[in-house]
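Here is the structure we will look at, set down as C-alpha cells.
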Amino acid sequence: MRYMPHTALEREEMLAKIGISSIDDLFADIPEEARLGGLLDLPLHESEMTVEKNFRNLAAKNLSPYMTPCFLGAGAYQHHVPSVADHIIQRSEFLTSYTPYQPEVSQGTLQALFEFQTQVAMITGMEVANASMYDGATSCAEAVLMACRVTRRKKAIVSGNLHPHYRDVTRTTLQFMEFEAENLPPVLDRKEDFDAHIGSDIACVVVQNPDFFGRIQDFTALADKCHEAGALLIVVVNEVVSLGAIMSPGDMGADIVAGEGQSIGVPLSYGGPYVGLLATRQKFVRQMPGRLCGQTVDQDGKRGFVLTLSTREQHIRREKATSNICTNAGLCSLAFTIHMSLLGETGFAKLARLNHSQAVTLAEKLEVIEGVEMINDTFFNEFTLRLSADASSVVEKLAAKGVLGGVPVSRLIPDDPDMSHLLLVAVTETCSVSDMDQFVTALKEAL
Amino acid sequence: MRYMPHTALEREEMLAKIGISSIDDLFADIPEEARLGGLLDLPLHESEMTVEKNFRNLAAKNLSPYMTPCFLGAGAYQHHVPSVADHIIQRSEFLTSYTPYQPEVSQGTLQALFEFQTQVAMITGMEVANASMYDGATSCAEAVLMACRVTRRKKAIVSGNLHPHYRDVTRTTLQFMEFEAENLPPVLDRKEDFDAHIGSDIACVVVQNPDFFGRIQDFTALADKCHEAGALLIVVVNEVVSLGAIMSPGDMGADIVAGEGQSIGVPLSYGGPYVGLLATRQKFVRQMPGRLCGQTVDQDGKRGFVLTLSTREQHIRREKATSNICTNAGLCSLAFTIHMSLLGETGFAKLARLNHSQAVTLAEKLEVIEGVEMINDTFFNEFTLRLSADASSVVEKLAAKGVLGGVPVSRLIPDDPDMSHLLLVAVTETCSVSDMDQFVTALKEAL
Amino acid sequence: MLNNKGRPTQPVTAADADAAMETFTGNKGLNLESPLIFEQGVPGRIGVDMAEPKPVKSRLGGLDRKEPVGMPDLSEPQVLRHFVRLSRQNYAIDAGFYPLGSCTMKHNPRINEKVARLVGLGDLHPMQPTSTVQGALEIIDSLAHWLKTITGMPAVAMSPAAGAHGELCGVMAIRAAHEAKGESRTRILVPESAHGTNPATAALCGYKVEAVPARQDGRMDMDAFAAKLGPDVAGVMLTNPNTCGLFETDVKKIADLVHETGGYFYCDGANLNAILGRVRPGDLGVDAMHINLHKTFSTPHGGGGPGSGPVVLSEALAPFAPVPFVTHGKDGFDMVEQIEGPAAQSFGRMKGFHGQMGMFIRALAYMQSHGADGLRQIAEDAVLNANYVRVGLQDKLHSPFAGICMHEALFDDSTLKGTGVTTLDLAKAMIDEGYHPMTMYFPLVVHGAMLIEPTESESRQTLDQFIGAMGHLLDKAKAGEVDAFLGAPNFAPRRRLDETGAARNPVLRWTVPEGTDGGEVTLSAAS
Amino acid sequence: MLNNKGRPTQPVTAADADAAMETFTGNKGLNLESPLIFEQGVPGRIGVDMAEPKPVKSRLGGLDRKEPVGMPDLSEPQVLRHFVRLSRQNYAIDAGFYPLGSCTMKHNPRINEKVARLVGLGDLHPMQPTSTVQGALEIIDSLAHWLKTITGMPAVAMSPAAGAHGELCGVMAIRAAHEAKGESRTRILVPESAHGTNPATAALCGYKVEAVPARQDGRMDMDAFAAKLGPDVAGVMLTNPNTCGLFETDVKKIADLVHETGGYFYCDGANLNAILGRVRPGDLGVDAMHINLHKTFSTPHGGGGPGSGPVVLSEALAPFAPVPFVTHGKDGFDMVEQIEGPAAQSFGRMKGFHGQMGMFIRALAYMQSHGADGLRQIAEDAVLNANYVRVGLQDKLHSPFAGICMHEALFDDSTLKGTGVTTLDLAKAMIDEGYHPMTMYFPLVVHGAMLIEPTESESRQTLDQFIGAMGHLLDKAKAGEVDAFLGAPNFAPRRRLDETGAARNPVLRWTVPEGTDGGEVTLSAAS
Ligand SMILES: Cc1ncc(COP(=O)(O)O)c(C=O)c1O
Ligand SMILES: Cc1ncc(COP(=O)(O)O)c(C=O)c1O
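Chains as they are written, first to last, in this note's numbering: chain A, 156 to 602; chain B, 156 to 602; chain C, 1433 to 1959; chain D, 1433 to 1959.
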C-alpha cells in the first residue's frame, strides 16, 4: 500500500526488537470479545488512479457553479480566488504543519497569522482580531459568549435579520449555559427596532450588516444605545468584500465583529471549510476565544512571533477557558491573508466597487421584470426579490435551465408565508453580462 | 497590472535617479524610424479570471483523452502520473530555478539530476546517461551525431521501423553536415535485414524496440554485427515502460540508447514538452551531447553535485561543442525521476506487466473481429492492426462515437498504399474494461 | 529592514557582520527573511487585475466607507515571494519527522488535495438546490457509511468542524438526551489525563467537571471513578486509547458502570488511529465519539486547521443529532436542514451550512485509498512504530507506564533530573537535529512528559535515525554538556523567543510606526 | 548516512559535533539532508498502487527482462519527503532576486501552470484526429498571431524546443533558402560577444563560424563586419539587444549590408524582453529570430528546461519552415505534418509531434494577461530596472561600456583588481546575502564580466536592497577582507564544490557501493 513504508520483513524484525512475536500482541489490551478478527465490511484499497476517477464521477453528478451562471449567496459567495493563493496554501510547509507550538520552526505560519490578525482588524475597523474561528456562525456564537463574559450579563438580543444559521448556532451554543439569546423575528418592511429590548440586563445586541436580506444600515445610534445600557454591540459581517465599500463596524462603534471570511481566498466547497473572523477592542482581549499570535523577539533580539495569551485557552485553563476551540481555520486564514495581500488597499476597494456595480446592473435588469419586486432600499452585492410565484419552485425551474438563480429565503426561514416568495440574489465579479442575461431570460420564463 | 510592481511615481523617481526625464530616453538607441509609437495591434491586458475562462473555453473545444476511451500511442502514451510528481514539480524551488550553474544553492536540482541519470542508465542497461534532451526524436538525432563523432565515420543506417518523426528529425539534423542518414523502408512482413548495409564506413545502425509497429526484437546479433564492423548500435525506445518487462538495450549490446521518457511522469500535453533520454557507455562520455551532473565534495568534504564535463558544451566549446543544446527538459526529467522513484523496482516491473496484460486482453478482443487482422507476432502495449477499411476514416468514425481508437499509420507514413489500412493501437493501465468494450463495439460498427 | 535608500535602518557594520557571521540583508543563504506585508507596500500597485466597475447609481444608501483601510499595495510576484519565504521558515511533515503526540502527524496524500479541487466539487455552493448536488450528498453519505462501519455505530453527525466541536456536539447530545428524559444531571467525569478540550467542552454545556485520577498503570482509576459516579453524573468523557498512549483496559466496565447509573459514555476519538480495524468503539459501549478527520483520516493540519470532527452516536443519542443531515429521498439524496420531521428532537445546529465538505472529500479519498485492509494496516503500523520507538529509547529515557503502548510512546523527564536540561531544552535541541519536537508537558499526569507519536507513515529507517539522534542528545545531556541545550535551537530561523514578554505586553497586530505618516504605508524593503 | 542500526557510518563524536557545530543527523534545523534515493530503498515497498495484472498469455516473444533493474523501493511519503527536502536546497525566483543576465528570470505566474493542466489541454494526445483538438490548434494559431504581431514578421515556426533549437531552425532555413537558389555559401558571421549556442548552431548547419569583434562601445565593429562580408557569407547571427545589454545601433545597416551580399540576418531573440512593444524586429530587417518563450514569455525555467523557441521568419525564409504547422482549413484548423503541399519546400522536421504545447499555453496566458499595454510596460520596466541598478552601482563597479543599457547592466571586474577577490568570490558572497549571483564571465568580451538582469518583475525596494548589499560587499572587498569572500558561501546547503575533481574523475551515476551485495539495495537511512 503506497502510503505505508514497512515491508513484511521489516515488520517482523521490528516485532522481534520489541520482543513480541505477533502484531496481535500489540493489541492485547483490547477486551478479547471486542477484538475484530477479519476485515471491516468495506471495500479493499484502491489505486490513486481509481480514486481520482471515483471523484471525477462524483463531481460529474453536480452542477458546477463555476460552469453555470450562479447568483447564490446567503452567506457564501462566489469570488475569483487568485491562483497564487491556492498555490501557496498547497506548499508543504503550510499545508502539512501543525499549530505553531514550536515558534522557532513555525515563523512562517506565525508571521502569516500576525498579518491575518492585522488585516481583519483593519477591515473591520477594530483594534485586534484573533487567529480565526471555524466559521462566521460559530464566531457569532463565540462573540455572544464573550460579550456575556465581558459584561457579566446573561442575555443577548439577536436581530431577526441575522443569517438564520448564525441565529441557530448561537441559540444552540447558549442553550445549556446560564446565558440566553432572544431571537427577534425577521423584519422586512421597516427598520428593526431594538430600543424596547435593551436594558441593564442585556449583554449585547447582535446585528448583521449588510443584513441577511442584503440591506445596509448605519448602526452608530444602536451602538450608542448599547453602550449607554452597558451592553456591547456585536456586528456580524458575512460578506467581507462589502467592507471595501461600506463603513466598517468599527466606525459605527461596534465592540465585537464576528465575520465569515470565505469571500476572500476560500473556495465555496459546498459550505466548508470557511474561516470565522473575530475582532474586538484591545481592552477585551483577555476575554477573546481562540488563538492569538503576538510579536516578540528571540534571544538574538530578532523580531519573531509566538502564540500568546494562551492562559485564555483550553489547553491551559481547561474548564475555565474562554472557549473549547483548539483546531481552528488555519489554512483558510492563510488563504485569506494571501488573497487580501494581493488585493491590497487599492484592490480591496476596487473589488467592492465592482461587486456593487455588478449588483446594481443586475438589479436594474431584474426589478423591471413583471412579477418581480425589489424589497431592498439599499444593498451591496446581494438583494432580495419578492416574486409572483413560490421562490423555491422558481429556483428549481431555473436550475433545470442551467441557472443557479438565487436562494429561496424559505430554505432558511421555512414555514413563514411572508417568506415563501422571497428570493435572495447575489452577484459578484465572477458574473458576466451574458450570465446576467441568461438569468433574466430564464427568470422571465420561470415566472 | 498585477505582475509589475512599479507605480507611476516610482517610475518617475527612478528615471530621475538615472538622470533622464522620460522612459523614451531609455530607448533612444533604437533607430528612430523603427520605434513604435502606439501600442501593438493586440488586445489589452486581461484579469486572471478572464484568462482562466478563456482557456477553459478552449479546453472545452477539445475531446479530452482523460474523459474518453483512449487507445492512442505512436510515441506518446497515456499513463497515470501520481499526484505527488505534479505537486513536487510545481514547488517554487524546482519550478522557478534556472539551470544549476551555482551548485551551492542548486543541490536540489543537481541531486535529482544525478538520480535521473542513474535511473535512465539502470533501465536502459547502460553505464551512463545525460541530464536529458528535448525529446526522443532529437535525442535520436543527437545519438547519431555522437556515433559519427565516436567512430569518425559519416554514415548512419536508419531502420525503416523507426518512428517516422525520429527518422525525419534525424535526416533533418544531419542534412547540412558532412553526415548522412540512410533511411531504410518500413518492413512489415519479415525481420528487417541490416547485413547488406553494414560496412566499414558505417557509423551506426539505428533501430527501435519495440518498433514503430509495436514489435519486440532481440538485437543482440545486430549489435555483434555492428561491433564487428566498428559501428555502434543505437537503440531507440519510445515507450520506456516496456523496459520494465523486456530485455534492456544494454543487455542486447547497444552502444547508445535514445529514448522518449514521456511515459514516466510527463503528461501528454498534445505532444510536448517531453523528455529525451540519452544513455551510453562510460567510455563515450566525452562525446555525449547535453548536460551531465557529477558527484563531488564541497570544501567541508560533504558530498555534493555539480554540472560537469562542460568542456563538451556550447558555452565553453562554442562551435566545437558536441551539440548546441542549452535549455533541456529539466522539469520533465524531474517528473520522470519522481514517478520512477515512486514506482521503484517493484512498481516499474508491475506497471510493465500490467500494460502488457491490458494490451493482450484488448488484442484478444480485437483480433477476432471480422475485418481486423493483427500484424504483430510480438508486442508490449501497442500493436498494429490491418483493417478492412481505410484506417483514418475508421478513426474519424470512432472519434465521432467518443472513442480515440488508435493512430492511423498513414498519418505518419503517408502516400504508401501498404499503410493505409494499418491502425496502431496502444493500451495502458489507464484503460478500463468498459473502455475496451466501448472500443470493440465502436470498431465493429465502424468497419 | 531598510529605509528607502536601501540601507538598513539599524546599520550593520562590517565588523559586526563578520563577528556574528551576520549579513547585510539579514538573509543567510537560503534562509530568507521577509518583513511584514505591511512594511512592503507602496500605494498604487495592484496584485489582482479586474474589470473597471461600470459606473452605476449607488445603492449603498450613502454608507460608503470614508477612510482607507490602511492596507499595503503589492504586486503579485511580491506577494508570492513573501509567502514562499515565510513558508520556508516552517517545519512540516513533508519535510521531516513530526512525532507530535496526540496529533497524528501522518502523510497527507496529494491526490486528496487534487480531488477536493475538482470543478464540480470545490466550487459547489452550499445553497444549490439539492437536485444539483447529488454527487456532493453522495460523498457525505458514503463518508458517513465508512465512519459508521469503522466505529460500529449506528449514526453520525457530520457537521462539527473539529475535534473540540465534535465534543461539544456529543456532550450536547448527551445533555439533550437527559433533558428529553426530564433529567437534569450536573456533573461530567473526566480523567486527569484528558485533553484540555474535554473539560472546556463540558463547561460549555453547563456541566461541572470532575477529574478522575489515573492509576499506576496510566489507566483511569476505577475505584475513584466508581466512587464519583452517581445519578447526577451525565456521563464520562474518556479518551481511548488515552493520552498516555494506552488502551483503557477497563473500557467495557467503564461503559457498563456509567450506563448503570443512567449516564452516557463520551469517547474522545482523537486517538482512533491506533485501533482502526482492530476494534470498533461501538463494541465497547461508546455513546458518542468524535473523529478528527484531520488526524486519523489525514486531512492536512494546515498550520492549525481547518479540521473536521464528525461524531458517531449510539441509538440512544442519535435522535438528538444536530442538523443538517443527509437522507435517502425518493429522488435521490436529500438533506434535513430544519429542526422538524426526522430532526424534531435535534438539539440544534453547530455551524453554518453542512459541515467541512473539503475535509469530507479528502477523508473519503483517503479511506478509499486504504480500504478495509489498509485501515487495519494503519493501526498495526502506527502501534508497531510507537512500540519500536519505546523500546529503542528505553535505555535512555524512562517510561512512566510499563508495557506495550498503543500509537504513541510516553516518557517522563526523570532521566534528565539533575542534568540542568529540561524537556523543553531537549525539544529545542531536536530542532537543530532536523526534527519537530514531540508533544511536551502533556498529558499533565506525567512530569515533564514527552509524548512521541510516529504514525504509520514513518519508515523504520527514520525511526532508527531518530532513536540514534535522541540517544546522542541524551548522552550529551547526561555528560553535562548543558550549554549546547540551553542555547538551542542554533540553526532554526529564530532562536528561542521571548514568550513571557509577548504575553506581558501583547502586540497582536501591526500598526503604523510612530513618527511616520499615519495615512501612508512605510517605505521599507524586502527583496 | 546511517547503517541499519541508525548510527552514522562515519561516526560523529560529541566533541566533533560541538566543535564544528555539526549535528548527529547532518541536518541543521530546517536545512535537511536527504541521501540519494538509491540509498533509501528496501525491497518490497510500493509507492504506486495499481491493479494486479490479469494473467495472460505473454506476447513478449520470450524477450522478457532477465535481471532486476536495480532501483530502490520506497513508499509515497518517503519519495515526497525526499524531493521536498531536495527542493529546499534550491534557490528560486519565487524565493528571491535572481538577476542572472541573459536568462530573464522573471515572475512565473501560477495561473499559467493552472491552465496548462486543465482537462482537455494537459491530457491531449498529439495524434488525436485534428477534429478533436480544435481548441489546441486555436491556441497554437493564436500564439503564432501574437508572436508575429509582436515581432512584425509574417511567419513563425512553432516547433523548436528551446532557443538553441530555434537557432538551428533559423539557420537551417537560411541554408535551405540558399540551396534553393543553388548557392552554397560557407561562412556565418557571429560577433565575439555571442552566446555559445550561436557558433555551435552554425557549426551544426555545416557553416564555418567567423567571429566579428566588438567596438569600444560594445556594439559589433561595423568595419570588421563589412570586411568579412562576401558572397560566401550565408548570413550573420546577431543578438539584439546584444549580450552586453546594449541595443545594436547599427542594426539596420547590418541588415542592409548582409542583404546586399545576398545573406540573411539571423537575430538571436533571447533578449526580446527589452524591446517588446517598442520596436519590432521585422522593422529592423531581420530574417529569422527565435523567441525563448521560457524567457520573454515567462514559461518557468524548471531548473534547466523545458523551454520553447518559436522562430519568426521573413517572407524570404518562410517557405522553408519546418513541419508541422497549423493552417486554417475549411472545417476549422488543420495541420500540415508532411513535407508536401504548402510545405513542399520545408527543410524538414525539428522534433517529434507539434512543439512544446505546454509552453504555448503558458505563454499565451501570459500574453493575454499583459495585453498590448502590458507587453510594452514589460520592456519599459525591465530597461528601467537595469539602468537603475547600473546607476546605483556605478560608484562601486565599473561599466565597460558607457551610457544607457537595455534590460541588463554589465560590469567588469576592474574594481576588484588587486583585492584578491574575483568575480566568482563576489558571487559566492552574494549567495550568503540571499541573492542568486548574476551571470559571470559572460559575455566573453569583457574581463570578469558581471551581467545583471533584474527584469520588470522586481520592485524598486528589492533593487535598493540589492544595491545596498552589493555596495557593502564591494566595500568589504576593497577594505581587504578577503577571507570573508574566499570562504563564501558559508550559509548555503553546501560550501564551494570541487568542480575540478568532478571533471577529472567523473562519477555520473550511483552504483552499488563496493563490498555490499550487488543484487540488494543498501539499507541506509533517511528521515
Ligand atoms: C486527545 C484530544 N482530544 C481533542 C482534541 C481536540 O481536537 P481539535 O483540535 O480537532 O479540536 C485533541 C487535539 O489535539 C486531542 O489531542
Ligand atoms: C543570448 C542567448 N542566446 C541563446 C540562448 C539559448 O537559449 P536556450 O537555452 O533556450 O536554448 C541563450 C540562453 O541562455 C542566450 O542567453
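Don't be surprised by glycine CBs; every beta carbon is placed ideally from N, CA and C.
Using 8 Å as the limit for Cβ to Cβ distance, is residue i near chain D?
i                  : result
Ser669 of chain B  : In the structure displayed, chain B extends from 156 to 602; residue 669 of chain B sits before or after that span and is not available.
Ile1863 of chain C : yes
His242 of chain A  : yes
His200 of chain A  : yes
Please return the same chain residues whose Cβ sits closer than 6 Å to the Cβ of residue i, not counting the five positions on each side in sequence.
i                  : result
Asn1531 of chain C : As written in the sequence, residue 1531 of chain C is Pro, which differs from the Asn given in the question. Excluding positions up to five away in sequence, the list reads Met1870, Ile1884, Glu1885, Pro1886.
Gly1584 of chain C : Arg1712, Gly1714, Asp1715
Does at least one heavy atom of ligand 1 sit under 7 Å from the Cβ of residue i?
i                 : result
Asp592 of chain A : no
Asn531 of chain B : no
Give me the chain C residues within the contact set of residue i, using Cβ-Cβ distance strictly less than 7 Å, ordered along the chain.
i                 : result
Arg487 of chain A : The question names Arg, yet the displayed sequence has Cys at residue 487 of chain A. Those within 7 Å of Cys487 of chain A in chain C are Pro1738.
Ser238 of chain B : Arg1542, Ile1543, Lys1546
Who are the Cβ neighbours of residue i in its own chain at under 8 Å, not counting the five residues just before and after it?
i                 : result
Glu522 of chain B : Glu528, Met529, Leu540
Lys309 of chain A : Cys303, Glu333, Phe334, Glu335, Asp356, Ala358
Thr482 of chain A : Thr254
Using a Cβ-Cβ cutoff of less than 7 Å, which residues in the same chain neighbour residue i once the five nearest sequence positions on both sides are dropped?
i                  : result
Gly1709 of chain D : Ala1804, Leu1807, Arg1808, Ala1811
Is there at least one non-hydrogen atom of ligand 2 closer than 7 Å to the beta-carbon of residue i?
i                  : result
Asn1724 of chain D : yes
Thr1932 of chain C : no
Quick check on residue i - is its C-beta less than 8 Å from some C-beta in chain C?
i                 : result
Ala336 of chain A : no
Cβ atoms of residue j and residue i: under 8 Å apart, would you say?
i                  : j                  : result
Ser287 of chain A  : Gly414 of chain A  : no
Leu1670 of chain C : Phe1697 of chain C : yes
Phe1765 of chain D : Thr1932 of chain D : no
Leu388 of chain B  : Val342 of chain B  : no
So with CB distances below 9 Å, who are the chain A contacts of residue i?
i                  : result
His1786 of chain C : Tyr425, Gly426, Gly427
Does any CB atom of chain A fall closer than 8 Å to the CB of residue i?
i                  : result
His470 of chain B  : no
Val1480 of chain D : yes
Quick one: list the residues of chain B neighbouring residue i, beta-carbon separation under 8 Å, in chain order.
i                 : result
Met204 of chain A : His235, Glu584, Thr585
Could you list which residues in chain D have their beta carbon closer than 7 Å to that of residue i, in chain order?
i                  : result
Tyr1523 of chain C : Leu1462
Asp1526 of chain C : Leu1512, Arg1513, Val1516
Please tell me whether residue i has its Cβ less than 8 Å away from any Cβ of chain B.
i                  : result
Arg1794 of chain C : no
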